[in-house]
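A short write-up of the structure that comes next.
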Amino acid sequence: MKLDTLKHGFDLTCLPANSLAGYWNPGVTEALRHQDWAKTDIRERIDLTAWQGFVADLPRDPYVNQRWKRMSWLALNDQGDVEDMGQCPMAQGGAFNDAESMADRLRYYDPLTREFMARPDVKAFVRAWARLWSIGAHEPILMQITGVRGEGSVDPLQGQGIHADGCKALSILILNRENVAGGENHLYADKAGTQPLVDITLDPGDILHLRDDRLFHSVDGIEQLDSKAPFERFIIIINSRFVDDFQNRMLRRHFPEAILNGSY
Numbered sequence: 001m002k003l004d005t006l007k008h009g010f011d012l013t014c015l016p017a018n019s020l021a022g023y024w025n026p027g028v029t030e031a032l033r034h035q036d037w038a039k040t041d042i043r044e045r046i047d048l049t050a051w052q053g054f055v056a057d058l059p060r061d062p063y064v065n066q067r068w069k070r071m072s073w074l075a076l077n078d079q080g081d082v083e084d085m086g087q088c089p090m091a092q093g094g095a096f097n098d099a100e101s102m103a104d105r106l107r108y109y110d111p112l113t114r115e116f117m118a119r120p121d122v123k124a125f126v127r128a129w130a131r132l133w134s135i136g137a138h139e140p141i142l143m144q145i146t147g148v149r150g151e152g153s154v155d156p157l158q159g160q161g162i163h164a165d166g167c168k169a170l171s172i173l174i175l176n177r178e179n180v181a182g183g184e185n186h187l188y189a190d191k192a193g194t195q196p197l198v199d200i201t202l203d204p205g206d207i208l209h210l211r212d213d214r215l216f217h218s219v220d221g222i223e224q225l226d227s228k229a230p231f232e233r234f235i236i237i238i239n240s241r242f243v244d245d246f247q248n249r250m251l252r253r254h255f256p257e258a259i260l261n262g263s264y
């Protein structure tokens, strides 16, 4: 059964730029509490056009064909400011990633650019996201800009199918969606997909929050609407509190003082 999407109940533009308490519609917290997912948008909180400009210089993903990507490990310091933790590989165990090109491998990517991370609306987004999920100081937060572009068709998940990302807090923000048919998101209560929960097509500026340790998700393949022009779909993925043993071992190795989920 499809569930109603969340709408802003008030005008976010009237709030102070640093008002993290008012960053999210109150309905987001309620939805996460009752159904483990929530959809809203942040078009009034960020300069979406400026953010879209940062997809132009993304390096190609060295592990996955037809994908481009940057990622950084971030954390809040004791003063609540966003800091770059440094390099740590992305590590997804086979229990969470079925794709042969990615499962049980250490993957290294170029970091998010200094220009992007210096933006006040980027810092405010990360701080507000951490507040939404009650992420405290020194807890690693993985933030990625990633996506696909090209001609014909592509599986944006590159073989992962219905899956979980191996964490407790996960959000997906759509940056752009140009000349795209497909790309619909699906949430399930089980990995086999026998208990579908909702089907959602996200537009630029829309964000989907989900409790990744309780739900599974997938996205449809992407095709060109107009065969004379290439397609492009880029997203931001931000997540934290990993339940994937492989990722947590790498985090402890690279960030000995970090606060991790569990006993790592």
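To convert, note that position 69 of the sequence shown is 69 in full-length UniProt numbering; the numbers rise steadily by one, no gaps.
C-beta atoms are modelled at their ideal positions from N, C-alpha and C, and glycine is treated no differently.
Keep in mind that this is a model prediction, so the values were computed, not measured.
Minimum C-alpha distance to residue i - residue among the options
i: I222; options: G193, A181 and M90; result: A181
i: H138; options: A56, K168 and D84; result: D84
i: E232; options: D199, G152 and I172; result: G152
i: A50; options: D213, V219, N261 and G205; result: G205
i: E178; options: K123, A118, K39 and A229; result: A229
i: D104; options: R249, A258 and L260; result: R249
i: L20; options: A130, N77 and R253; result: A130
i: W68; options: R60, K123 and G262; result: R60
i: I237; options: F125, E115 and D47; result: F125
i: K123; options: L173, L76, L132 and W133; result: L76
i: L132; options: L32, R253 and D57; result: L32
i: D57; options: K168, P111, Q79 and G27; result: P111
i: S171; options: G150, V154 and A128; result: A128
i: Q224; options: I259, G166 and G150; result: G150
i: G166; options: D199, D213 and L142; result: D213
i: D199; options: G80, M117, A118 and K39; result: K39
i: residue 265; options: H34, R43, E44 and M117; result: In the structure as shown, the chain starts at 1 and stops at 264, and residue 265 therefore has no counterpart that could be examined.
i: L142; options: A169, V154 and D81; result: A169
i: V154; options: E115, P62, Q66 and R119; result: Q66
i: L173; options: E30, V82 and R45; result: R45
Residues near residue i in its chain [Cβ-Cβ closer than 8 Å; skip 5 each side]
i: residue 275; result: Not covered by the structure: residue 275. The range shown for the chain is 1 to 264.
i: L215; result: D36, W37, A164, L187, Y188, A189 and L197
i: L106; result: P89, M90, A91 and M250
i: Q195; result: Y188 and A189
i: G262; result: V243 and N248
i: N18; result: Low confidence applies to N18: its pLDDT is 47, below 50, so where it sits in the model is not reliable, and the reading given next is rough at best. Closer than 8 Å at the Cβ level, and outside the excluded window around N18, lie A124.
i: Q52; result: L175, N176, P204 and F234
i: D226; result: N179
Alpha helix (DSSP H) segment containing residue i, residue limits
i: F125; result: P120 to L132
i: T49; result: L48 to Q52
i: P26; result: P26 to Q35
i: D245; result: D245 to H254
i: E115; result: R114 to M117
Sequence-distant residues of the same chain with beta carbon closer than 7 Å to residue i, five excluded per side
i: F255; result: M85, C88 and P140
i: D41; result: G205, D206 and I207
i: D47; result: D121
i: D220; result: G182, G183 and E184
i: K2; result: With a pLDDT of 31 at K2, under the threshold of 50, the modelled position of that residue is not reliable, and the figure given next carries that caveat. Within the same chain, K2 has close Cβ partners V198 and D199.
i: G43; result: The sequence given here has Arg at residue 43, not Gly. Counting only Cβ-Cβ distances below 7 Å, and skipping sequence neighbours, we find G205.
Cβ shell of residue i (< 6 Å), same chain only, five flanking positions each side left out
i: F234; result: V55, G147, L175 and N176
i: Y108; result: P89
i: T201; result: E184
i: residue 293; result: Because the chain here runs from 1 to 264, residue 293 falls outside it and cannot be looked at.
i: I135; result: S240
i: M71; result: Y109 and Q144
i: G193; result: I162
i: K191; result: I162 and F216
i: Y264; result: N248 and R252
Residue i - containing beta strand (DSSP E), residue span
i: S171; result: C167 to E178
i: L215; result: No beta strand (DSSP E) contains L215, which DSSP labels as neither H nor E.
i: Y188; result: N185 to Y188
i: E83; result: V82 to G86
i: S240; result: F231 to F242
i: I141; result: I141 to G150
i: D199; result: P196 to I200
i: Q92; result: M90 to Q92
i: A75; result: R67 to L76
i: I222; result: I222 to Q224
i: R107; result: R105 to R107
Residue i Cβ short of 7 Å to the ligand HEM heavy atom set
i: R45; result: No copy of the ligand HEM occurs in the structure displayed, which carries no ligand at all.
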